Amino acid sequence: MSVSTSEPAAPATGTRTHRLRIVEVVAETPDARSLVLRPAPESADRFAHRPGQFLTLRLPGPDGGPVARCYSLASSPHTGEPLKVTVKRVAGGYGSNWVCDHLAAGDEVEALPPAGTFTPDSLDRDLLLVAGGSGITPVLSIAKSVLAAGRGRVTLLYANRDETSVIFRDELRALAEAHPERFLVLHWLESLQGLPVPDRLAAALVPYAGREAFVCGPGPLMDAVEQALRTLGAPGERIHRERFFSLSGDVFDAPEPVAAPDGGGGEVTVELDGETRTVPWPPGAPLLDALLAAGVDAPYSCREGACSACTCRVVTGEVSMARNEVLDDRDLADGYVLACQSLPLTDHVEITYS
Ligand SMILES: Cc1cc2nc3c(=O)[nH]c(=O)nc-3n(C[C@H](O)[C@H](O)[C@H](O)COP(=O)(O)OP(=O)(O)OC[C@H]3O[C@@H](n4cnc5c(N)ncnc54)[C@H](O)[C@@H]3O)c2cc1C
Ligand code: FES
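What follows is the structure in structure tokens.
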């Protein structure tokens, strides 16, 4: 069982997860709840994060095994507020309803440290943020971070079914009032304005099409926004998307170590947490497995090329990726790769997680 009400916050028994105390549960809308979280003091450093990143919660599954679900941090690392994730019920879904029905203030939950690449390079540039429903969480973190610690202006287009499904309505209004020159919220209510289809979105987004865009919400909304922005001439590498989906399998157990070859195979030099090591890269092993087998504490979550938790940057050498559902053209051009999907194309590869 990964949740308890009695034990004090302490490191989790597993090597990869950490315990966080739930200090408050906030009913945001009839079907969305926020968990305000506090890591144990000895884990606090591991929960430093960038705006737009997510946690992977370890929930008790129906058959006893753990279930992994990712939730973006809606809190900003630049405002001094505590960590907060917001979970919206999905009809027929297991994890979201379990969280909303079972977790209360005082409980503890286990989570992997923050991960993800849906985060702006600079807080000083003007941004366009587009969210649908629970997709507001990472973009709210980005918006608050720009307003608190940067100089950029932010326009947020936030699409919802109707007024009752708008999460963070009061917080958004307060932010807009506090930063009238820098923060504009455009609400799109399907009950009033109809579906956000590309041509109508394009009309609304004309003034902001030159900005870097961060888009998070249901697939059809993200497709419509991308189509609208491309119609307006926005280059694809300036449109970043965060896709919500459920992880499968146990992402919390470390994979079996990969045997290092007696001969052949290459090597990888890795820089992580200020330390540099060179370790063997056995033939056929994904980069992540080679690192873990050598005892490198490399980050990961899904191991399916779908979550970006294992992202690192290739400094020298070349790799190929079997699957990539998350890194965009800009990330690839900058040398970012998914360690869980990377196989070597050169004998020596140098990577960094900094
Ligand atoms: C990076 C990232 C960030 C995220 N951030 C957030 C966030 O901030 N807030 C948030 O609310 N969510 C977020 N999510 C989504 C979240 O992780 C879960 O996917 C979501 O809560 C649904 O999980 P669930 O267990 O309730 O649904 P699941 O049980 O995974 O079910 C999902 C859907 O599939 C259907 N389904 C399930 N099993 C079957 C079956 N056997 N046959 C047919 N249909 C089936 C269900 O009815 C449901 O409609 C994020 C996901 C990612 C990857
Ligand atoms: S661990 Fe999720 S993409 Fe590699």
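Note that full-length UniProt numbering gives residue 294 to position 294 of the sequence shown, counting from 1, and the numbers run on in steps of one. Glycine included, each C-beta is placed from N, C-alpha and C at the ideal position. All values derive from a computational prediction rather than experimental measurement.
Heavy atom of ligand 2 within 7 Å of residue i beta-carbon
i	result
R69	no
Y94	no
residue 358	Residue 358 cannot be examined here, being either before or after the span of the chain that is shown, 1 to 354.
S301	yes
L338	yes
S165	no
V296	no
C307	yes
Coarse secondary structure for residue i, derived from DSSP in three states
i	result
E267	strand
G274	coil
C310	coil
C302	coil
residue 364	Because the chain spans 1 through 354 in this model, residue 364 falls outside it and cannot be assessed.
V279	strand
G132	strand
T13	Bear in mind that a pLDDT of 45 at T13, under 50, signals an unreliable position, so the number given afterwards is only what the model happens to contain. Of the three classes helix, strand and coil, the one that applies to T13 here is coil, per DSSP.
I142	helix
Y336	strand
F245	coil
S43	helix
L123	coil
E7	Here the model assigns E7 a pLDDT of 38, short of 50, so the residue's position is not dependable and the matter cannot be decided.
Boundaries (first-last residue) of the alpha helix (DSSP H) holding residue i
i	result
V99	95-102
R200	198-205
P220	219-231
L176	What sits at residue 176 in the sequence shown is Ala, not Leu. Unbroken alpha helix (DSSP H) run through A176: 169-178.
Run of the beta strand (DSSP E) containing residue i, from where it starts to where it stops
i	result
A298	Taken as a continuous stretch (DSSP letters only), A298 belongs to no beta strand (DSSP E), as it is neither H nor E.
I22	18-29
I351	348-352
E108	108-115
E237	It is not in any beta strand (DSSP E) - E237 carries neither H nor E in the DSSP assignment.
Close beta carbons around residue i, own chain, < 7 Å, minus the five adjacent residues each side
i	result
V319	L287, V337, S342, L343, P344, L345, V349
C100	R33, V87, R89
R151	D124
Presumed contact (8 Å Cβ cut-off) between residue i and residue j, rounded CB distance
i	j	result
P77	R38	Going by Cβ atoms, the distance from P77 to R38 rounds to 14 Å, so no, they are not a contact pair.
L127	V146	6 Å
V25	K84	The Cβ separation is near 10 Å, so there is no contact.
A131	C216	5 Å
Residue i Cβ short of 7 Å to ligand 1 heavy atom set
i	result
S134	yes
T276	no
T311	no
E28	no
K84	no
I116	For the record, residue 116 in the displayed sequence is Gly; it is not Ile. Within the cutoff, so yes.
T119	no
F244	yes
F183	no
Same chain, Cβ closer than 6 Å to residue i, five either side skipped, listed in chain order
i	result
A306	E325
A68	T56, L247, V251
T13	Here the model assigns T13 a pLDDT of 45, short of 50, so the residue's position is not dependable, and the following value carries that caveat. Around T13: no qualifying Cβ.
A259	none
residue 403	Nothing can be reported for residue 403: it is not among the residues displayed for the chain, which extend from 1 to 354.
E7	Bear in mind that the predicted position of E7 carries a pLDDT of just 38, short of 50, making it unreliable; the figure below should be weighed with that in mind. Around E7: no qualifying Cβ.
P257	A293
S2	Because S2 sits at a pLDDT of 41, beneath the cut-off of 50, its placement in the model cannot be relied upon, and the following sentence gives the value as read from the coordinates. Correct list, in chain order: R58, P60, E110.
E226	I239
residue 355	No answer is possible for residue 355: it lies beyond the span of the chain, which begins at 1 and ends at 354.
S72	F54, T137, P138
Cβ-based neighbour list, residue i, same chain, cut-off 8 Å, excluding 5 preceding and 5 following
i	result
A298	V270, L272, L288, L291, L292, C310, C312, A339, Y353
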